[in-house]
Each structure stands twice: as C-alpha cells, then as structure tokens.
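Contents: one structure, followed by commentary.
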Amino acid sequence: MKFQRNPATLSLIAICAAVWVAELTIPGLIDDLALAPSLGVSQPWRWLTSAFTHSLSPMHIMFNMMALWMVGQGLEHFLGWRRFLSVYLLSALGGSVLFVALATPPTAMNPLGSNWNVGLVGASGAVFGLFGALAVAQRRLGANTSQLWGVLAINAVISFVIPGIAWQAHIGGFLTGLAAMALLFWTLERSVKERKKLPWWPSLAALGLALVALVAVKYLFYA
Numbered sequence: 003m004k005f006q007r008n009p010a011t012l013s014l015i016a017i018c019a020a021v022w023v024a025e026l027t028i029p030g031l032i033d034d035l036a037l038a039p040s041l042g043v044s045q046p047w048r049w050l051t052s053a054f055t056h057s058l059s060p061m062h063i064m065f066n067m068m069a070l071w072m073v074g075q076g077l078e079h080f081l082g083w084r085r086f087l088s089v090y091l092l093s094a095l096g097g098s099v100l101f102v103a104l105a106t107p108p109t110a111m112n113p114l115g116s117n118w119n120v121g122l123v124g125a126s127g128a129v130f131g132l133f134g135a136l137a138v139a140q141r142r143l144g145a146n147t148s149q150l151w152g153v154l155a156i157n158a159v160i161s162f163v164i165p166g167i168a169w170q171a172h173i174g175g176f177l178t179g180l181a182a183m184a185l186l187f188w189t190l191e192r193s194v195k196e197r198k199k200l201p202w203w204p205s206l207a208a209l210g211l212a213l214v215a216l217v218a219v220k221y222l223f224y225a
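If you're matching positions, the sequence shown starts at 3 in this note's numbering and goes up one per residue.
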C-alpha cells in the first residue's frame with residue numbers, strides 16, 4: 003500500500019513504534035507519557051501521549067498496530083487523512099476520558115482508590131474508536147456488519163477476562179468513534195439537503211469540547 007494513500011495510518015504506526023523503541027532505551031519514559039488520573043490536570047499532555055505509548059511487551063504494540071493497519075487503511079481511504087486522524091485522536095481522548103471518569107481517588111474508606119494512580123498506556127482506545135466509526139459507516143452504507151460485531155465481541159471478552167487491560171478506555175474509544183462518524187454523516191446529509199458544502203470539523207470540535215467538559219466535571223467533583 004502506497005504511503006500517499008494511507009499517510010495518517012502509516013505515520014501513526016511509525017510514531018507508536020518509535021516511542022516503543024525509545025521506551026526500551028530511555029529508563030522511565032513510559033512513566034512520563036502514561037496517563038494516571040492523578041496527573042491528568044497537572045500534566046495534560048498525558049491524555050494523548052498515553053495513546054502512543056505501550057507496555058514493554060512486544061505483544062501489546064504488535065496487536066494494536068496490526069489492528070490499526072487492518073482497520074485504518076480502508077477507513078482512511080474512505081474518510082481522507084484529515085477526517086481519519088481527527089476520529090483517531092478524538093477516540094484516543096475519549097478512551098482516556100472514560101478511564102479517568104470511572105476512576106476514584108483514595109479516601110479514608112478506600113485508601114487505594116480505584117485506578118487513580120494507575121498509568122494508562124496503549125492505542126487500544128483509539129483503535130476501538132476506529133471500529134466504532136467503521137460500524138457506523140458500514141451500517142449507513144448498507145454493508146453487512148455481522149463480521150465486525152463478531153470481532154468486537156471477541157475483543158470485548160478479552161478486555162474483561164485478561165487482567166490489566168483498561169476496558170474503560172476500550173469502551174470510551176468505541177463510543178467516541180461511533181459519535182464522531184455519526185456526526186460526519188450528519189454533516190454530509192445536511193450538506194446534501196442544503197445543497198452547499200458544510201465544514202466537517204465544527205461537529206468534531208464540539209465532540210472534543212464535550213469530552214473535555216466531562217472530565218472537567220469529574221475533577222471539579224473530586225477537587
């Protein structure tokens with residue numbers, strides 16, 4: 003597949019691979035990039051850097067990059083690299099947001115809290131967002147989605163059965179991908195109805211702001 007057809011997908015894979023190699027050679031790098039809810043406000047870059055960071059196990063990054071390549075190349079060709087990258091990054095953010103939203107800080111009754119100091123890493127949330135976007139696209143275009151839902155069901159079982167997997171990020175990314183693609187189709191339908199080309203990015207920007215607002219409420223509530 004030529005780079006010109008899939009620049010975003012190949013660039014994302016290259017960045018994740020480069021970060022993983024850097025993790026192997028720079029002690030503590032993974033701790034500087036992972037997202038722990040306790041650090042979400044003071045170090046906001048972690049909301050996205052965590053999606054480009056993986057555990058040191060080769061299996062973690064290998065499975066994520068294989069899934070990104072399998073889903074990403076077709077979806078990017080359909081959406082164009084700008085829309086595709088926007089959906090991917092929003093899904094990564096959505097996965098991080100739900101992970102934090104379902105975490106609780108330590109209290110007197112629960113000194114350890116719930117995932118409050120646990121670091122989240124991996125592109126899984128973003129990749130699940132691509133699955134969500136693909137599900138909407140296939141449904142709206144009248145394609146058979148049974149195979150896709152079968153793959154998702156298997157991954158869902160794995161997410162809950164194998165310990166250490168942040169299922170919250172998977173669900174958050176998937177729901178964000180669903181919403182993002184639905185908004186893109188909504189904009190397209192409005193453009194056809196109004197017989198003029200409407201910009202696609204405002205609806206996705208609104209979705210991003212909604213995610214930021216959701217996590218802001220979380221931190222305000224526990225401030």
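A virtual CB, placed ideally from N, CA and C, is assigned to each residue, including glycine.
As computed with DSSP, residue 122 is found in a beta bridge with 37.
The segment 128-144 and the segment 176-185 touch, with no fewer than 3 CB-CB distances between them shorter than 8 Å.
With distances taken between CA atoms, residue 76 lies nearest to 10 out of 10, 17, 104, 171. In the displayed model, residue 189 falls within a helix according to three-state DSSP. Judged by beta-carbon spacing, residue 130 lies within the 7 Å limit of residue 175, meaning their Cβ atoms are closer than that value.
In the pairwise beta carbon analysis, the segment 107-122 is classified as not touching the segment 58-74: fewer than three pairs are separated by under 8 Å. DSSP places residue 44 in the coil class of the three-state scheme, outside both helix and strand. The Cβ-Cβ distance between residue 190 and residue 99 does not fall below 7 Å. Rounded to the nearest angstrom, the Cβ distance from residue 213 to residue 95 is 5 Å, consistent with a contact under 8 Å.
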